[in-house]
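**Q**
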Amino acid sequence: MNIVVCIKQVPDTTEIKIDPKTGTLIRDGVPSIMNPDDKSGLEMALQLKDEQGAHVTVITMGPPQADLILREAYAMGVDRAIHLTDRKFAGADTLATSHALAGALRKIDFDLLITGRQAIDGDTAQVGPQIAEHLDLPQVSYLEDLKFDGDKTFTMKRHIEEGYQMLQVEAPCVVTVLSSANSPRYMSVGGIVDAYQKEVEVWGFNEIEVDEKDLGLKGSPTSVHKAFARGLKPAGELYEVETDEAVGIIIKKLKEKFILN
Amino acid sequence: MDFSLTKEQVLFQQMIKDFAEREVKPLAAEVDEQERFPIETVEKMAKIGIMGIPIPKQYGGAGGNNVMYSMAVEELSAVCATTGVIVSAHTSLCAAPIMENGTEAQKQKYLPKLASGEWIGAFGLTEPNAGTDAAGQQTTAVEDGDNYIINGSKIFITNAEFAHVYVIFAMTDKSKGTRGITAFIVEKGTPGFSIGKKEKKMGIRGSATCELIFENVVLPKENMLGKLNKGFGIAMKTLDGGRIGIAAQALGIAQGAINETVRYVKERKQFGRPISGFQNTQFQLADMNTKTEASRMLVRKAANKKDQKVPYSVDAAMCKLYAAETAMEVTNKAVQLHGGYGYTREYPVERMMRDAKITEIYEGTSEVQRMVISANMLK
Ligand SMILES: Cc1cc2nc3c(=O)[nH]c(=O)nc-3n(C[C@H](O)[C@H](O)[C@H](O)COP(=O)(O)OP(=O)(O)OC[C@H]3O[C@@H](n4cnc5c(N)ncnc54)[C@H](O)[C@@H]3O)c2cc1C
Ligand SMILES: Cc1cc2nc3c(=O)[nH]c(=O)nc-3n(C[C@H](O)[C@H](O)[C@H](O)COP(=O)(O)OP(=O)(O)OC[C@H]3O[C@@H](n4cnc5c(N)ncnc54)[C@H](O)[C@@H]3O)c2cc1C
Chain A
1 MNIVVCIKQV PDTTEIKIDP KTGTLIRDGV PSIMNPDDKS GLEMALQLKD
51 EQGAHVTVIT MGPPQADLIL REAYAMGVDR AIHLTDRKFA GADTLATSHA
101 LAGALRKIDF DLLITGRQAI DGDTAQVGPQ IAEHLDLPQV SYLEDLKFDG
151 DKTFTMKRHI EEGYQMLQVE APCVVTVLSS ANSPRYMSVG GIVDAYQKEV
201 EVWGFNEIEV DEKDLGLKGS PTSVHKAFAR GLKPAGELYE VETDEAVGII
251 IKKLKEKFIL N
Chain B
1 MDFSLTKEQV LFQQMIKDFA EREVKPLAAE VDEQERFPIE TVEKMAKIGI
51 MGIPIPKQYG GAGGNNVMYS MAVEELSAVC ATTGVIVSAH TSLCAAPIME
101 NGTEAQKQKY LPKLASGEWI GAFGLTEPNA GTDAAGQQTT AVEDGDNYII
151 NGSKIFITNA EFAHVYVIFA MTDKSKGTRG ITAFIVEKGT PGFSIGKKEK
201 KMGIRGSATC ELIFENVVLP KENMLGKLNK GFGIAMKTLD GGRIGIAAQA
251 LGIAQGAINE TVRYVKERKQ FGRPISGFQN TQFQLADMNT KTEASRMLVR
301 KAANKKDQKV PYSVDAAMCK LYAAETAMEV TNKAVQLHGG YGYTREYPVE
351 RMMRDAKITE IYEGTSEVQR MVISANMLK
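So the protein lines, in turn, are chains A and B. Residues in the first sequence are numbered from 1 upward in steps of one, following our numbering. Residues in the second sequence are numbered from 1 upward in steps of one, following our numbering.
1) If you follow the beta strand (DSSP E) that Y142 (chain A) is part of, which residue opens it and which one closes it?
2) Mind listing, in chain order, the continuous alpha helix (DSSP H) runs of no fewer than 4 residues lying wholly within the region 135-205 of chain B?
3) For Q383 (chain B), which residues in the same chain have their Cβ closer than 7 Å to its Cβ, ignoring the five residues on either side in sequence?
4) In chain B, which residues lie with their C-beta within 7 Å of the C-beta of S188 (chain A)?
5) Taking 6 Å as the cut-off, is the beta-carbon of G438 (chain B) closer than that to any non-hydrogen atom of ligand 2?
6) What does F214 (chain B) touch in chain A if you count any residue whose Cβ is under 7 Å from its own?
7) Note down, in chain order, every chain B residue with its Cβ under 9 Å from the Cβ of I249 (chain A).
8) Along the chain, where does the alpha helix (DSSP H) that runs through G121 (chain B) open and close?
9) How many whole angstroms separate the CB atoms of L42 (chain A) and P184 (chain A), which I take to be in contact at a CB cut-off of 8 Å?
10) Give the interface partners of Q62 (chain B) over in chain A, defined as CB-CB distance under 9 Å, in chain order.
11) Apart from the five residues on each side of it in sequence, which residues of its chain come closer than 7 Å, Cβ to Cβ, to M318 (chain B)?
12) Could you compute how far the alpha carbon of A208 (chain B) sits from the alpha carbon of A160 (chain B)?
13) Would you verify that the beta carbon of R27 (chain A) is, or is not, closer than 7 Å to some beta carbon of chain B?
14) So what does DSSP say about P97 (chain B), is it helix, strand or coil?
15) Could you tell me whether the Cβ atoms of V314 (chain B) and T132 (chain B) are closer together than 7 Å?
16) So, helix, strand or coil for F19 (chain B), using DSSP?
17) Taking G191 (chain A) and M76 (chain A) to be in contact with their CB atoms under 8 Å, please state how far apart those CB atoms are, rounded to whole angstroms.
18) From A163 (chain B) to M202 (chain B), what does the alpha carbon distance come to, in whole angstroms?
19) Along chain B, in chain order, which residues have C-beta atoms closer than 8 Å to that of K257 (chain A)?
20) N206 (chain A) by DSSP, collapsed to three states: which one?
21) Which one or two residues does DSSP pair with S32 (chain A) in a beta bridge?
22) Grab the span of the beta strand (DSSP E) containing Q168 (chain A) for me, first residue to last.
23) With distance defined between alpha-carbon atoms, name the residue in A:K21, A:T13, A:I18, A:M34 nearest to Q14 (chain B).
24) From K269 (chain B) to N332 (chain B), what does the alpha carbon distance come to, in whole angstroms?
25) If you follow the alpha helix (DSSP H) that M301 (chain B) is part of, which residue opens it and which one closes it?
26) Can a CB atom of chain A be found closer than 7 Å to the CB of M15 (chain B)?
27) Anything in chain B within Cβ reach of A75 (chain A), meaning under 8 Å, just list it in chain order.
28) Can you look up M224 (chain B) in the DSSP assignment and give me helix, strand or coil?
29) Sorry if obvious, but does the Cβ on F154 (chain A) come closer than 6 Å to a heavy atom of ligand 2?
30) Against chain A, with Cβ distances strictly below 7 Å, would F19 (chain B) count as a contact?
31) Using only the alpha-carbon positions, how far apart do R354 (chain B) and T126 (chain B) sit?
32) State whether the region 128-144 of chain A contacts the region 45-54 of chain A, with contact taken as three or more CB pairs (one from each stretch) at a distance under 8 Å.
33) Does the beta-carbon distance from S366 (chain B) to Y322 (chain B) come in below 7 Å?
34) List the residues of chain A that I234 (chain B) touches, going by C-beta distances under 7 Å, in chain order.
35) Quick one: what's got a C-beta closer than 7 Å to A119 (chain A)'s C-beta in the same chain, skipping five residues either side?
36) Does the separation of the CB atoms of L143 (chain A) and V174 (chain A) fall below 7 Å?
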């Protein structure tokens with residue numbers, strides 16, 4: 001089985017601040033990470049590899065620094081990494097991004113394409129479904145779980161508002177995965193030691209199959225009207241405990257913050 | 001000169017910090033309180049290769065280097081010094097001497113199991129009457145045909161209760177003093193070999209520190225590590241390497257205490273403002289951070305020298321001395337800046353101050369490090 005996973009490098013939004021004047025993200029000095037949904041998608045692929053012996057490829061479109069997440073993917077255990085980068089891709093919105101990725105995917109044989117549900121910076125959840133449309137493949141979004149039934153079919157569990165939907169889907173297909181699907185493995189130490197010995201294939205416009213007018217700024221119909229910062233709420237902590245214990249925890253937290261004495 | 005980490009080390013640091021934060025930190029207080037060896041953490045570390053960082057790939061290790069290994073002990077110790085010393089004793093005191101002195105057969109037999117973390121390693125040098133004066137060994141190994149018969153005991157042995165392989169030292173020729181000591185590899189379950197009393201300790205309370213007892217233990221000659229009567233040199237060289245691990249542990253404890261303190265002083269208010277606003281707080285923090293960073297430079301330099309295969313004994317002694325004393329000073333200040341709260345087990349700095357003390361004692365006390373450093377200056 002050949003699996004391709006689309007991964008995106010994003011700023012770690014738990015550490016990001018917003019410029020109060022312009023309403024845009026201050027990216028300076030903010031560490032970059034592999035988008036969490038994508039990492040869960042990658043874990044799903046690696047589990048299939050562990051169980052069935054799949055060949056796993058990761059692909060990212062992004063600036064040279066995005067190399068880091070491809071090395072991370074190698075250290076987690078992928079077999080091949082492709083870095084799409086070209087001036088012609090710059091200034092892409094979701095549509096142009098999905099065109100570029102689809103252009104590369106036309107050059108790769110795969111049974112299963114995995115993307116994250118959504119990137120924590122752009123947050124549109126559009127790229128996965130758009131790729132499926134460009135390639136004319138069936139798509140299942142918001143995946144919680146996936147099992148290979150053999151003979152080119154998968155059983156999938158999809159998150160919907162009221163619960164779950166179970167589907168049987170035939171390869172090749174596209175799925176978008178939620179970060180709640182699993183907890184991704186750590187990079188292995190041995191994998192890290194080898195990560196920079198491996199080759200990352202760098203592909204530009206000439207390596208992919210796409211119409212130039214669909215790329216970059218020209219291929220991006222989106223225009224941003226206004227960006228503003230919503231009031232930020234810090235991430236909460238969730239405890240599932242009995243009432244008495246819950247009261248104890250709340251009191252302890254309030255004391256730690258010196259709100260109670 | 002280049003002080004920056006390599007690309008691999010940057011990736012490694014990202015992984016190990018994340019691992020320490022998510023897998024190790026949540027257990028630290030409990031492991032200390034209950035004096036419980038965190039075996040589940042060892043299993044998780046084993047799975048991703050942390051138990052075999054500097055062991056070459058051909059022996060089942062990760063094929064990393066000593067700088068990476070020191071970074072691992074640092075980051076683990078920043079959240080839980082018990083976990084840090086488990087890795088340090090296992091790697092530096094058991095796997096390393098087998099790697100450096102073992103026959104090919106011994107390496108094939110022990111290193112893959114140690115590197116994968118399936119087996120845990122320990123090191124037995126100290127005896128009731130042979131502490132700093134390690135040459136005063138009373139455990140004996142008497143030749144008997146194809147075997148050696150071991151009798152005696154060891155105390156204060158880290159990982160003892162949970163280990164599968166022990167590198168131990170015994171007198172093979174009492175008349176020769178340090179030239180009469182030989183190293184051996186002992187496996188758990190060897191008849192006559194047992195684990196004695198477990199110590200109740202001030203700090204690193206989750207690490208199992210016990211007595212080893214040898215009663216007519218029959219060891220085949222192939223369990224001898226290195227040559228006959230060359231054990232003292234092996235012990236000293238092993239401790240040189242081990243000191244980098246303990247220095248990294250001390251460094252981690254200091255950094256962990258700083259991290260806790262920076263968070264705390266911004267939240268705690270007195271006289272109507274956060275205590276971080278007082279210049280005394282700021283100056284204390286500046287000193288804590290400067291000394292900790294200096295420790296880090298010494299640790300990385302010693303580890304890098306070991307990786308370059310150039311002599312590093314003095315560097316190891318210096319980083320151990322400085323990082324240990326810094327850990328003690330920094331954790332003491334961290335408790336002070338936490339006030340009464342810092343003296344309670346509600347806050348981790350209380351544990352960190354107790355954990356810091358051992359780094360001035362084991363693998364050569366600070367006095368021993370000063371002897372090593374000055375002897376080299378005056379020779
Ligand atoms: C309104 C708008 C304007 C933008 N303008 C610009 C611009 O001018 N210049 C600029 O550089 N960027 C721009 N971007 C960002 C760029 O569009 C995003 O990199 C890309 O469209 C992904 O969109 P998203 O973050 O919403 O991803 P989503 O659609 O939320 O991502 C879904 C999944 O698609 C996959 N994916 C997404 N992006 C990539 C990628 N690059 N490589 C591999 N897989 C990927 C991942 O698996 C991800 O989990 C803009 C984004 C928006 C929303
Ligand atoms: C928690 C813990 C874990 C340990 N783990 C291990 C292990 O895994 N394996 C192992 O073999 N050992 C281990 N040890 C033993 C440790 O290495 C020794 O405790 C240490 O070397 C000191 O020996 P000692 O306790 O006998 O102290 P002593 O040698 O009695 O020292 C007492 C004091 O006298 C000072 N002193 C001694 N000689 C001199 C001198 N010549 N000049 C100046 N001052 C001197 C010392 O510096 C010290 O301050 C461990 C100990 C502890 C507490």
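We treat Cβ as the ideally placed atom computed from N, Cα and C, and that holds for glycine.
**A** In short:
1) Along the first sequence, one-based indexing puts residue 142 (chain A) at 142. 139-150 is the extent of the beta strand (DSSP E) around Y142 (chain A).
2) none
3) Chain B is shown only over 1 to 379; residue 383 (chain B) falls outside these bounds and no answer can be derived.
4) Translated into positions along the first sequence, residue 188 (chain A) becomes position 188. Near S188 (chain A) (Cβ distances below 7 Å), the residues of chain B are I48, G49.
5) Nothing about residue 438 (chain B) can be reported from this structure: the residues present for chain B run from 1 to 379 only.
6) If you number the second sequence from 1, residue 214 (chain B) lands on position 214. The premise fails here: F214 (chain B) is roughly 35 Å from chain A at the closest Cβ pair, so nothing lies under 7 Å.
7) Taking the first residue of the first sequence as position 1, residue 249 (chain A) is located at position 249. Within chain B, no residue comes near I249 (chain A); the closest Cβ sits about 13 Å away, beyond 9 Å.
8) Position 121 of the second sequence, counting from 1, holds the residue named residue 121 (chain B). Careful: G121 (chain B) lies outside any alpha helix (DSSP H), inside the beta strand (DSSP E) at 121-124.
9) Numbered from 1 along the first sequence, position 42 holds the residue referred to as residue 42 (chain A). Numbered from 1 along the first sequence, position 184 holds the residue referred to as residue 184 (chain A). Going by Cβ atoms, the distance from L42 (chain A) to P184 (chain A) rounds to 7 Å, so yes, they are a contact pair.
10) Sequence index remark: in the second sequence, residue 62 (chain B) carries index 62 (1-based). Note on identity: in this sequence residue 62 (chain B) is Ala, with Gln being the wrong assignment. Within chain A, the residues near A62 (chain B) are S188, V189, G190, G191, I192, V193.
11) Reading the second sequence from its first residue, position 318 is the one you call residue 318 (chain B). Result list for M318 (chain B): L298, I373, in chain order.
12) Counted from its first residue, the second sequence places residue 208 (chain B) at position 208. Counted from its first residue, the second sequence places residue 160 (chain B) at position 160. Per the coordinates, the alpha-carbon of A208 (chain B) lies some 6 Å from the alpha-carbon of A160 (chain B).
13) To locate residue 27 (chain A), count along the first sequence from 1; it is residue 27. Not one chain B Cβ lies under 7 Å of R27 (chain A).
14) Mapped onto the second sequence, residue 97 (chain B) falls at position 97. DSSP places P97 (chain B) in the helix class (H, G or I) of the three-state scheme.
15) Taking the second sequence and counting its residues from 1, the one referred to as residue 314 (chain B) is at position 314. Taking the second sequence and counting its residues from 1, the one referred to as residue 132 (chain B) is at position 132. No; because the gap between Cβ atoms is not below 7 Å, this pair is not in contact.
16) What you label residue 19 (chain B) is simply residue 19 of the second sequence in a count that begins at 1. If DSSP states are grouped into helix, strand and coil, F19 (chain B) belongs with the helices.
17) Residue numbering aside, residue 191 (chain A) sits at position 191 when the first sequence is read from its first letter. Residue numbering aside, residue 76 (chain A) sits at position 76 when the first sequence is read from its first letter. 7 Å between Cβ atoms; contact.
18) Counted from its first residue, the second sequence places residue 163 (chain B) at position 163. Counted from its first residue, the second sequence places residue 202 (chain B) at position 202. Spanning the two alpha carbons is a distance of roughly 22 Å.
19) Taking the first sequence and counting its residues from 1, one reaches residue 257 (chain A) at position 257. The contacting residues are E267.
20) The residue given as residue 206 (chain A) occupies position 206 in the first sequence. Looking at N206 (chain A) - three-state DSSP - the assignment turns out to be helix.
21) Position 32 of the first sequence, counted from the start, is the residue given in the question as residue 32 (chain A). Bridge partners of S32 (chain A): A:P11.
22) As a first step, residue 168 (chain A) is located in the first sequence; it is residue number 168 there, counting from the start. Counting along the chain, the beta strand (DSSP E) containing Q168 (chain A) begins and ends at 163-170.
23) As a working mapping, residue 14 (chain B) is identified with position 14 in the second sequence. When each option's Cα is compared against that of Q14 (chain B), the closest is A:M34.
24) The count along the second sequence starts at 1 and reaches residue 269 (chain B) at position 269. The count along the second sequence starts at 1 and reaches residue 332 (chain B) at position 332. Taking the straight line from one Cα to the other gives about 21 Å.
25) Locating residue 301 (chain B) in the second sequence gives position 301, where the first residue counts as 1. Before going further, note that residue 301 (chain B) is Lys rather than Met in the sequence given. Note, K301 (chain B): alpha helix (DSSP H), 279-308.
26) Numbered from its first residue, the second sequence carries residue 15 (chain B) at position 15. Judged by the 7 Å Cβ criterion, M15 (chain B) is in contact with chain A.
27) The sequence position of residue 75 (chain A) within the first sequence is 75, counting from 1. Going along chain B in sequence order, the residues near A75 (chain A) (Cβ under 8 Å) are L11, M15.
28) Taking the first residue of the second sequence as 1, we reach residue 224 (chain B) at position 224. In the three-state DSSP reduction, M224 (chain B) falls in the strand class (E or B).
29) The count along the first sequence starts at 1 and reaches residue 154 (chain A) at position 154. Not under cutoff, so the answer is no.
30) Translated into the one-based positions of the second sequence, residue 19 (chain B) becomes position 19. Taking Cβ atoms only, chain A reaches closer than 7 Å to F19 (chain B), which makes this a yes.
31) Taking the second sequence and counting its residues from 1, one reaches residue 354 (chain B) at position 354. Taking the second sequence and counting its residues from 1, one reaches residue 126 (chain B) at position 126. Using only the alpha carbons, I get a separation of about 22 Å.
32) no
33) As a first step, residue 366 (chain B) is located in the second sequence; it is residue number 366 there, counting from the start. As a first step, residue 322 (chain B) is located in the second sequence; it is residue number 322 there, counting from the start. For S366 (chain B) and Y322 (chain B), no; Cβs fall outside 7 Å.
34) Residue numbering aside, residue 234 (chain B) sits at position 234 when the second sequence is read from its first letter. Within 7 Å Cβ-Cβ: nothing; I234 (chain B) doesn't reach chain A, min ~26 Å.
35) Here residue 119 (chain A) corresponds to residue number 119 of the first sequence, with the count starting at 1. The answer, listed in chain order, is K8, V10, N35.
36) Here residue 143 (chain A) is taken as the residue at index 143 of the first sequence, counted from 1. Here residue 174 (chain A) is taken as the residue at index 174 of the first sequence, counted from 1. No, these two residues do not count as a Cβ contact at 7 Å.
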